[in-house]
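**Q** I have a structure here, written as structure tokens, and I will follow up with some questions on it.
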């Protein structure tokens, strides 16, 4: 289970011309929870604060205010234990190009406390599920972006984590591969995993997410099941909800 | 600590996968140095052979044939330039001639009246052949003068002892081994310092800023390993690569020196031997490298290099992890090379080892202590203070880097 309570995070930016330092609130007072067997869709435009929120859950950053608990463990007090339970995938992650997937999975298995043999066995199983087993012994410098993304998914799921955080997992994937990832997520959901998914593909969210939360300008604007959210905004799709929200929040006139 | 070892294992394994870097770090020096020394030796030998066998072309103005009659005898190594010359400096720069000599018209009268002849010699010191010719003519005239003087003394029924009221007999308390030890002690610390920092720099930038740039650091940070373990592992990897690099460079230089046989060390050996023979020493000195490079000296040097390596690794790790890209890391690390270079150059200053406060000056103390290790001037308390100072400094730098690296902005691009 993931419990996010009133978290706040800001960044400082320096204006190169005036040399003034500005503080930008990236995430403001966001709260939500995700139960085992649920996929929570965290939506929002670029720069809304989704990735910062996900990074705080993954202990890569600390919230300045509020708290986050993963499987009952505080992310700030027990970051190593939290990461042991967590599988994380982000868009700006890449692979070690000089290793083969097999070598890399063994190494990451050891990092996650697994013995190399069982890490290799499970890793190869995951590569098979994702359709890249034939490339298990090929150096990764020649891999396409889709193959790299598939490998990263396998790496994130290697230690069979209870909690899964996928930030835009279908980026760079063709329709067929995206479908494979979608099926994998549904499968993980049925296994009782706690999943947070951030994506721009809203029909996918409507299809697989139990709950969605839409972040805009660092704040959680609305939350509920996809159906509830659409009803709340009198819309037929999440796309429409998205546009309505963006319209109501944009500064009016002159821009 | 297991996590740090796992990261170290991964870094070293990944490093060995990069054949180009592996070749450049480990095998390239083994080819480069012997080849370089070989070429240099060959060129130097060729040049000295050319200079020793070549004939010096002399334009001479000697109307009464005083000097010419003895200078241009067969086998003297001098050749008369017979063409007329308008511009002597131009002829020297074009190497038409190597020397120009002007003998006064009344030189014969000077010889008869036992007065010195004023010879005017023009040469171009920037030309090897001209410089060499000048030295040759100086020696020729000196030898000729000595013969004239002996003749004059004989006429006066005197021996040449009259010209030598004092004779010096030299007894050296240190031998050729100490001379060589001094040479090793002078250059070894300088070389170790520079190659240790420079060798680890590129690798350090790659496994810190490079990983950040490529997006692989993020995947490491999401494992159950702590940030401290990741950074400790990376620091150990930088340390291992720098020590390995130094070891290979030293082996390569040694190999280059032995194969080429013209390293400064051996050149010095030959010169020392030659000097001893020329001074009438009954037995020329023998050089025993094993007595200079003793296991104790090597072990004590390594004892200093370990904390020094950790210090450099911590500095490189901190700079690399604070940088957003390899380029930015390299730019930030380059001033370090200049600092190390400056320390290295300063350590070459004569008499520096006499400064009493030096054991307390970081880095500088290492260069001086290593020098003393190889010159038989080892002082235990200086070594211990140097070791302690370096350990303290490396501990402080490691702690500081740990603190800096725990900051979020050190690990993310923005």
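Residue numbers (this note's numbering), protein chains in the order written: chain A, 1 to 255; chain D, 1001 to 1414.
The C-beta atom is built at its ideal place from N, Cα and C for all residues, glycine as well.
Below 8 angstroms, can you find three or more Cβ-Cβ pairs linking the region 222 to 235 of chain A to the region 1207 to 1221 of chain D?
**A** Contact fails: fewer than three Cβ-Cβ distances are below 8 angstroms.
**Q** Can you give me, in chain order, the residues of the region 54 to 69 of chain A that have a beta carbon less than 9 angstroms from any beta carbon in chain D?
**A** Cβ contacts with chain D come from 55, 58, 59, 60, 61 and 62.
**Q** When you compare the region 1360 to 1375 of chain D with the region 1235 to 1254 of chain D, are there three or more beta-carbon pairs, one atom per stretch, that lie closer than 8 angstroms?
**A** Touching, no.
**Q** Count the other C-beta atoms from every protein chain shown that fall within 10 angstroms of the C-beta of residue 1262(D), then say buried if there are 16 or more, exposed otherwise.
**A** Here residue 1262(D) refers to the residue found at position 262 of the second chain. Low confidence applies to residue 1262(D): its pLDDT is 49, below 50, so where it sits in the model is not reliable enough to give any reading.
**Q** Measure from the alpha carbon of residue 45(A) to the alpha carbon of each residue in 105(A), 149(A), 168(A) and 194(A), then state which is nearest.
**A** Mapped onto the first chain, residue 45(A) falls at position 45. Selected option, being the one with the closest Cα: 168(A).
**Q** Run through chain D and tell me which residues come within less than 7 angstroms of residue 108(A), C-beta to C-beta.
**A** For this step, residue 108(A) is matched to residue 108 along the first chain. Result: 1223.
**Q** How is residue 174(A) classed by DSSP in three states: helix, strand or coil?
**A** As a position in the first chain, residue 174(A) is number 174, starting the count at 1. Coil at residue 174(A), not helix or strand.
**Q** For residue 1010(D) and residue 225(A), what's the separation of their Cα atoms in angstroms?
**A** Locating residue 1010(D) in the second chain gives position 10, where the first residue counts as 1. Locating residue 225(A) in the first chain gives position 225, where the first residue counts as 1. Answer to the nearest angstrom: the Cα atoms are 43 angstroms apart.
**Q** On the DSSP letters alone, give me the boundaries of the beta strand (DSSP E) that residue 163(A) sits inside.
**A** Here residue 163(A) refers to the residue found at position 163 of the first chain. Segment 163 to 167, the beta strand (DSSP E) holding residue 163(A).
**Q** Report the neighbours of residue 113(A) on chain D: residues whose CB is nearer than 7 angstroms to its CB, in chain order.
**A** Looking up residue 113(A) in the first chain gives position 113. Result: 1224.
**Q** Quick one, are the C-beta atoms of residue 245(A) and residue 221(A) less than 8 angstroms apart?
**A** Residue 245(A) sits at position 245 when you count from the first residue of the first chain. Residue 221(A) sits at position 221 when you count from the first residue of the first chain. Yes, the pair counts as a contact, with Cβ atoms nearer than the cut-off.
**Q** Near residue 174(A), what residues of its chain come up, given a Cβ to Cβ distance below 8 angstroms and the 5 sequence neighbours on each side ignored?
**A** Sequence index remark: in the first chain, residue 174(A) carries index 174 (1-based). Same-chain partners within the cutoff: 146.
**Q** When burial is assigned at 16 or more other CB atoms within 10 Å of the CB, is residue 1087(D) buried or exposed?
**A** Mapped onto the second chain, residue 1087(D) falls at position 87. Residue 1087(D) is exposed by the Cβ-count criterion.
**Q** By how many angstroms is the C-alpha of residue 14(A) removed from the C-alpha of residue 20(A)?
**A** Walking along the first chain from the start, residue 20(A) turns up at place 20. Walking along the first chain from the start, residue 14(A) turns up at place 14. So the alpha carbons of these two residues sit roughly 6 angstroms apart.
**Q** Taking only runs that begin and end inside the region 37 to 84 of chain A, name each unbroken beta strand (DSSP E) of 3 or more residues, in chain order.
**A** With a minimum length of 3 residues, the continuous beta strand (DSSP E) runs that stay inside the region 37 to 84 of chain A are 39 to 43 and 65 to 70.
**Q** Residue 1336(D) versus chain A: which residues are under 8 angstroms apart at the beta carbon?
**A** Reading the second chain from its first residue, position 336 is the one you call residue 1336(D). Simply none; closest approach about 26 angstroms.
**Q** Check the Cβ of residue 94(A) against every Cβ in chain D and list those closer than 9 angstroms, keeping chain order.
**A** The residue labelled residue 94(A) in the question sits at position 94 within the first chain. Simply 1214, 1215, 1216, 1218 and 1219.
**Q** So for residue 34(A), helix, strand or coil by DSSP?
**A** The sequence position of residue 34(A) within the first chain is 34, counting from 1. Three-state DSSP puts residue 34(A) in a strand.
**Q** With DSSP as the reference, identify every bridge partner of residue 270(A), one or two as the case may be.
**A** Because chain A in this structure spans residues 1 to 255, residue 270(A) falls outside the shown range and cannot be described.
**Q** Tell me whether residue 205(A) sits in a helix, a strand or coil according to DSSP, three-state version.
**A** For the purposes of this step, residue 205(A) is taken as residue 205 along the first chain, with counting starting at 1. Note: residue 205(A) maps to helix in three-state DSSP.
**Q** Could you check the C-alpha separation between residue 1368(D) and residue 1359(D) for me, to the nearest Å?
**A** Position 368 of the second chain holds residue 1368(D). Position 359 of the second chain holds residue 1359(D). Distance between the alpha carbons of residue 1368(D) and residue 1359(D) is about 8 angstroms.
**Q** If we define contact as Cβ-Cβ less than 8 angstroms, is residue 80(A) a contact residue for chain D?
**A** For the purposes of this step, residue 80(A) is taken as the residue at position 80 of the first chain. Yes, residue 80(A) lies at the interface with chain D (some Cβ there is under 8 angstroms from its Cβ).
**Q** Check whether the region 1 to 14 of chain A and the region 65 to 75 of chain A touch, using three or more Cβ-Cβ pairs below 8 angstroms as the test.
**A** Contact holds: three or more Cβ-Cβ distances are below 8 angstroms.
**Q** For the region 127 to 156 of chain A, which residues have a CB atom closer than 9 angstroms to at least one CB atom of chain D, in sequence order?
**A** From the region 127 to 156 of chain A, only 139, 152, 155 and 156 have a Cβ closer than 9 angstroms to chain D.
**Q** What's the gap between the Cα of residue 1386(D) and the Cα of residue 1311(D)?
**A** As a first step, residue 1386(D) must be located in the second chain, where it is residue number 386. As a first step, residue 1311(D) must be located in the second chain, where it is residue number 311. Going by the C-alpha atoms only, they are around 13 angstroms apart.
**Q** Given a threshold of 16 other Cβ atoms within 10 Å of its Cβ, counted over all protein chains shown, does residue 1091(D) qualify as buried or as exposed?
**A** If you number the second chain from 1, residue 1091(D) lands on position 91. The residue is buried, with at least 16 neighbouring Cβ atoms inside 10 Å.
**Q** Is the shortest distance between the beta-carbon of residue 1445(D) and the beta-carbons of chain A less than 8 angstroms?
**A** Beyond the ends of chain D as shown, which are 1001 and 1414, falls residue 1445(D); an answer cannot be given.
**Q** Do residue 1123(D) and residue 1134(D) have their C-beta atoms within less than 8 angstroms of each other?
**A** On the second chain, position 123 is the one that residue 1123(D) refers to. On the second chain, position 134 is the one that residue 1134(D) refers to. Closer than 8 angstroms, so yes.
**Q** If I measure Cβ to Cβ from residue 82(A) and keep anything under 7 angstroms in the same chain, skipping five residues before and after, which residues do I get?
**A** The residue you call residue 82(A) lines up with position 82 of the first chain. If we look at residue 82(A) and ignore the five residues flanking it on each side, its Cβ neighbours are 59, 70, 73 and 75.
**Q** How many whole angstroms separate the CB atoms of residue 57(A) and residue 165(A), which I take to be in contact at a CB cut-off of 8 angstroms?
**A** To locate residue 57(A), count along the first chain from 1; it is residue 57. To locate residue 165(A), count along the first chain from 1; it is residue 165. 6 angstroms between Cβ atoms; contact.
**Q** So, at 6 angstroms on beta carbons, what are the nonlocal neighbours of residue 1102(D) in its own chain, with the 5 sequence-adjacent residues on each side left out?
**A** Within the second chain, numbered from 1, the residue matching residue 1102(D) stands at position 102. Cβ within range, chain order: 1061 and 1120.
**Q** Got a sec: which bits of the region 1003 to 1025 of chain D sit with their beta carbon under 7 angstroms from any beta carbon on chain A, in order along the chain?
**A** Cβ contacts with chain A: 1006, 1010, 1014, 1017 and 1018.
**Q** When the Cα atoms are used, what is the spatial distance from residue 100(A) to residue 1004(D)?
**A** Here residue 100(A) refers to the residue found at position 100 when the first chain is read from its first residue. Here residue 1004(D) refers to the residue found at position 4 when the second chain is read from its first residue. Roughly 22 angstroms between the two C-alpha positions.
**Q** With distances taken from CA atoms, which of 17(A), 65(A), 32(A) and 137(A) is nearest residue 211(A)?
**A** Here residue 211(A) refers to the residue found at position 211 of the first chain. Ranking the options by Cα distance to residue 211(A), first place goes to 32(A).
**Q** Closer than 8 angstroms, CB to CB, is residue 1262(D) near chain A or not?
**A** Translated into positions along the second chain, residue 1262(D) becomes position 262. Per-residue confidence for residue 1262(D) stands at a pLDDT of 49, beneath the threshold of 50, marking its modelled position as unreliable; no derived number is given.
**Q** Run through chain D and tell me which residues come within less than 7 angstroms of residue 90(A), C-beta to C-beta.
**A** Within the first chain, residue 90(A) is the residue found at index 90, counting from 1. Those are 1218, listed as they occur along chain D.
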